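K.L.:
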Amino acid sequence: MSAVKSPAKQFFDESYRGRMGDLQLFVQAGQAQFQFAFFDPYIQQMVGLESWNLDGHQNWHQISEQLADILGQEQFKADFKSVSFALVDSSYTLVPSTLFEDAKKADYLKLNHRLNDPSELVFLSEEISGINSHLVYAFPQILHKFLSGRFQKLQLHHSLVPCLESFSLQKKKGESMHLHVHSDRFDLIYYADMKLQMVNTFLYQTVEDFIYYLLYVMEQKEVDRDHIELSMYGEFEKRCTLHDLIYKYVRQPEIKERSKEIKYSKPLDQLERHQFVNLFNQYLCG
Numbered sequence: 007m008s009a010v011k012s013p014a015k016q017f018f019d020e021s022y023r024g025r026m027g028d029l030q031l032f033v034q035a036g037q038a039q040f041q042f043a044f045f046d047p048y049i050q051q052m053v054g055l056e057s058w059n060l061d062g063h064q065n066w067h068q069i070s071e072q073l074a075d076i077l078g079q080e081q082f083k084a085d086f087k088s089v090s091f092a093l094v095d096s097s098y099t100l101v102p103s104t105l106f107e108d109a110k111k112a113d114y115l116k117l118n119h120r121l122n123d124p125s126e127l128v129f130l131s132e133e134i135s136g137i138n139s140h141l142v143y144a145f146p147q148i149l150h151k152f153l154s155g156r157f158q159k160l161q162l163h164h165s166l167v168p169c170l171e172s173f174s175l176q177k178k179k180g181e182s183m184h185l186h187v188h189s190d191r192f193d194l195i196y197y198a199d200m201k202l203q204m205v206n207t208f209l210y211q212t213v214e215d216f217i218y219y220l221l222y223v224m225e226q227k228e229v230d231r232d233h234i235e236l237s238m239y240g241e242f243e244k245r246c247t248l249h250d251l252i253y254k255y256v257r258q259p260e261i262k263e264r265s266k267e268i269k270y271s272k273p274l275d276q277l278e279r280h281q282f283v284n285l286f287n288q289y290l291c292g
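Just so you know, the sequence shown maps onto residues 7 to 292 in the working numbering.
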């Protein structure tokens with residue numbers, strides 16, 4: 007296992023350097039990347055960000071070790087007001103709240119996913135009131151144990167929760183599709199007639215993979231590519247190959263920018279405004 011030596015991106019409002027304990031820490035972590043955001047809840051302002059890229063897909067034991075190394079750095083040693091950790095993983099399912107039973111979380115997941123060793127997983131759920139559903143997901147036990155021991159004021163989430171919470175506040179008549187782009191996967195959320203119709207996550211290695219999955223879903227759902235409202239945000243650059251291909255196949259794509267409901271310190275102006283939107287939206291998760 008190769009160690010992660012330095013962040014790919016790092017921005018911080020230095021006026022907060024001596025008062026890290028006043029901040030909330032937001033984390034999103036998967037098998038390809040760690041993301042961290044520092045949030046001042048008193049004035050509702052993002053004041054810092056770090057992203058760390060991992061070398062290839064590693065198992066959760068290795069990921070936990072690398073996360074422990076990073077969290078040993080000085081900027082993470084503060085007693086944060088709270089820590090919100092969102093897992094980036096494809097082992098999840100949605101259950102209507104009227105049918106949800108807490109004791110059946112593992113059963114719900116087994117219906118939709120092949121779980122290699124359930125004994126190494128902790129089964130969690132979160133209610134998403136905007137879509138009247140519970141999101142059920144599998145959290146690696148070794149990571150759960152590490153985080154629970156590392157942070158006292160810890161909230162665990164799935165990375166889809168801020169996506170769904172955000173879009174449930176923006177329901178529109180007609181059809182809309184939303185893409186959250188990670189470095190190794192993308193989340194696709196599809197609404198029609200103001201109701202959630204589909205949520206899925208697709209792993210990709212090339213932009214051709216990405217476009218194939220997107221067009222396949224549009225074909226299966228009989229979506230009109232000339233009229234669908236398609237919004238996208240995440241870890242891509244404007245005018246990159248992926249960006250250009252989507253514009254080639256979909257007539258009205260929109261680059262979605264970060265929320266205007268909160269503020270951002272000056273150093274974060276160096277980021278493109280569609281990047282790290284989902285990480286910043288963890289303020290919606292309470």
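Built from N, CA and C at the ideal position, the CB exists for glycine as well.
Keep in mind that this is a model prediction, so the values were computed, not measured.
#1: In whole angstroms, what separates the C-alpha of GLU71 from that of VAL33?
#2: Would MET183 pass as a contact of LEU170 if the rule is Cβ separation under 8 angstroms?
#3: Taking the alpha-carbon of GLN30 as reference, which of PHE86, PHE42 and PRO13 has the nearest alpha-carbon?
#4: Applying the 10 Å Cβ sphere with the 16-neighbour rule, what's the burial state of GLY24?
#5: What are the boundary residues of the alpha helix (DSSP H) that ASN65 is part of?
#6: By Cβ distance, which residues of its chain are closer than 6 angstroms to SER96, with the 5 residues on each side in sequence left out?
#7: On the criterion of 16 or more Cβ atoms from any shown chain inside 10 Å, does ASN118 qualify as buried, or is it exposed?
#8: Would TYR197 and HIS164 qualify as a contact pair, given that the criterion is a beta-carbon distance under 8 angstroms?
#9: Where does ASP46 fall in DSSP's three states?
#10: ILE234 and GLU267: beta carbons closer than 8 angstroms?
#11: Under the DSSP definition of a beta bridge, which residues are partnered with PRO102?
#12: Under the three-state reduction of DSSP, which class applies to LYS201: helix, strand or coil?
P.N.:
Judging by the given coordinates:
#1: 16 angstroms
#2: no
#3: PHE86
#4: exposed
#5: Unbroken run through ASN65: none, as it is neither H nor E.
#6: THR207
#7: exposed
#8: no
#9: strand
#10: no
#11: SER139
#12: strand
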